[in-house]
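Okay, so here's the structure we're looking at.
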Amino acid sequence: MSAIILNGKELAAQMETAQAQRVRDLQARGVSPKLVVVMAGDNPASAIYVRNKARACERLGILSDTIHLPQTVSQQELLRVIDGLNADPTVHGILIQLPLPEHLDEDAALLRVNPAKDVDGFHLYNAGSLLRGEDGIRPCTPQGIVRLLKSAGIALDGARAVVIGRSNIVGKPAALMLTQENCTVTLCHSHTRDLTQITRQADILVAAVGKPRFVTADMVKPGAAVIDVGINRVDGKVVGDVDFDAVSAVAGFITPVPGGVGPMTVSMLMENTLEAAWKASR
Ligand code: NDP
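Numbering (the numbering used here), first residue to last: 3 to 284.
What follows is the structure, given as structure tokens:
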């Protein structure tokens, strides 16, 4: 068997037509959607992600700005910048690019963002709304995963889903969103016993571990949909958490790295920004 590739790059590109139209609809109502990214220091990976986000905005006609604070910025100054963006009615989305330099309190910074502008969906209010299944802004990566699965016509209702990784930005929200889609979800982590026995039961297997080629073919149920969230650099090459070649021979569907979940994450950020702008304009 050779798995069908879930091409996130292609899907994200297709979605841009509707997103660009939404930008024009908002502009017709006198609203120019705007995203502001706040970054501090010179993390090279962050710089690449920020550039990708700015380019996506540009393609759609979303205004974007990056506030690049020095590595030594104080917590007080960071919070002052966030307060300014919260108060600015022309700004619809605020994104704090993580990680922040170590001396800064990341949680306090995320908590300071107005939840209505929290387009990453990391604020406690939005995390709580996800937990309760209520309206709110959903984190981009899990949202992209669900969108990718649905676009391929993969049945979620009643499916057995296993998520490896329990971070607040990927694993936990992915488990909650799949639960909301009526999957039966098992959330695994570094203390999980008999991981392979669990993953082999998964109709949908999400790997968000951060370890290159962690998921091997023997961990995958034949025909399963395997979603590789990992971004790992090995010998200058980006690889995922899944042993792509071997797992493709067993799985029914698989996301490539790069070109799978990554572009969908950016695409969902655009959706969240447009939704925030639309809500602000009502
Ligand atoms: P974290 O490091 O925050 O979380 C990793 C998780 O993996 C933890 O919950 C950890 O368990 C678990 N884990 C580690 N080792 C094992 C093991 N041996 N068995 C089972 N579970 C294990 O990572 P993130 O969630 O932030 O990111 C995961 C990956 O996804 C990274 O490669 C990151 O770069 C990538 N990423 C990609 C995005 C995209 O858009 N494509 C977006 C965000 C992240 P424990 O909690 O017990 O320590």
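Beta carbons: idealized from backbone N, C-alpha and C, even for Gly.
**Item:** Closest residue to K36 among T275, R195 and S250 (Cα-Cα distance)
**Value:** T275
**8 Å contact criterion, which T201 and V172 should meet: CB distance rounded** = Between T201 and V172 the beta-carbon gap is near 17 Å, outside 8 Å, which marks them as no contact.
**Message:** For a quick check, are the C-beta atoms of V33 and A279 less than 7 Å apart?
**Reply:** yes
**Message:** Between the alpha carbons of R235 and V241, how many angstroms are there, rounded?
**Reply:** 6 Å
**Prompt:** Assuming A14 contacts V268 under a Cβ cut-off of 8 Å, what Cβ separation, rounded to an integer in Å, is found between them?
**Reply:** 7 Å
**Message:** As an exercise, report each continuous alpha helix (DSSP H) stretch of at least 4 residues that is fully enclosed by the region 181 to 257, in chain order.
**Reply:** Here the runs fully enclosed are 197 to 201 and 246 to 250.
**Asked** On the three-state DSSP scale, how would you describe A161?
**Response** coil
**Prompt:** Secondary structure at I6, three-state DSSP: helix, strand or coil?
**Reply:** strand
**Prompt:** Taking 6 Å as the line, does the beta carbon of V208 fall inside it for any heavy atom of the ligand NDP?
**Reply:** no
**Request:** Just confirm the distance between the C-beta atoms of V217 and D196, as a whole number of angstroms; I'd bet it's less than 8 Å.
**Result:** About 15 Å; that fails the 8 Å criterion.
**Prompt:** Does the Cβ-Cβ distance between D205 and A161 come in under 7 Å?
**Reply:** yes
**Prompt:** Thinking C-alpha only, which one of A253, G43, R53 and N54 is nearest G74?
**Reply:** The sequence shown places Thr at residue 74, rather than the Gly named in the question. Checking every option, the nearest Cα to that of T74 belongs to G43.
**Prompt:** Count the other CB atoms within 10 Å of the CB of G10; is the residue buried (16 or more) or exposed (fewer)?
**Reply:** It is buried - the Cβ of G10 has at least 16 other Cβ atoms within 10 Å.
**Request:** Enumerate in chain order the residues of its own chain whose CB-to-CB distance from E60 is below 8 Å, with the five nearest sequence positions on each side excluded.
**Result:** Excluding five sequence positions before and after E60, the CB atoms of its chain that fall closer than 8 Å to its own CB belong to S66, given in chain order.
**First through last residue of the beta strand (DSSP E) which encompasses T275** = Per DSSP, T275 belongs to no beta strand (DSSP E); it is in the alpha helix (DSSP H), V263 to S283.
**Residues near V263 by beta carbon distance below 8 Å, same chain, minus five either side** = G10, T143, G146, I147, L150, I229, D230, V231 and T257
**Request:** Using DSSP bridges, identify the partner residues of I96.
**Result:** V38 and D120
**Residue from L271, G63 and P91 whose Cα sits closest to the Cα of I139** = L271
**Asked** Cβ of G212 within 6 Å of any heavy atom in the ligand NDP?
**Response** yes
**Prompt:** Taking L81 as the reference, which of L100, P72 and L113 has the closest Cα?
**Reply:** Closest in C-alpha terms to L81, from the list L100, P72 and L113, comes L113.
**Asked** Between A209 and the rest of its own chain, which residues show a CB-CB distance below 8 Å, the 5 nearest in sequence each way excluded?
**Response** I166, G167, F216, V217, V228, I229, D230, V231, G232, G242, D243 and V244
**Message:** Assuming S66 is part of the alpha helix (DSSP H), what are its boundary residues?
**Reply:** Premise fails: S66 lies in the beta strand (DSSP E), L65 to L71, not in any alpha helix (DSSP H).
**Request:** Indicate, with yes or no, if the ligand NDP has a heavy atom lying under 6 Å from the CB of R168.
**Result:** yes
**Item:** N128, buried or exposed, once every other Cβ within 10 Å from all chains shown has been counted against 16
**Value:** buried
**Message:** Between R31 and S283, how many whole angstroms is the CB-CB distance? I'm expecting something under 8 Å.
**Reply:** About 6 Å; that satisfies the 8 Å criterion.
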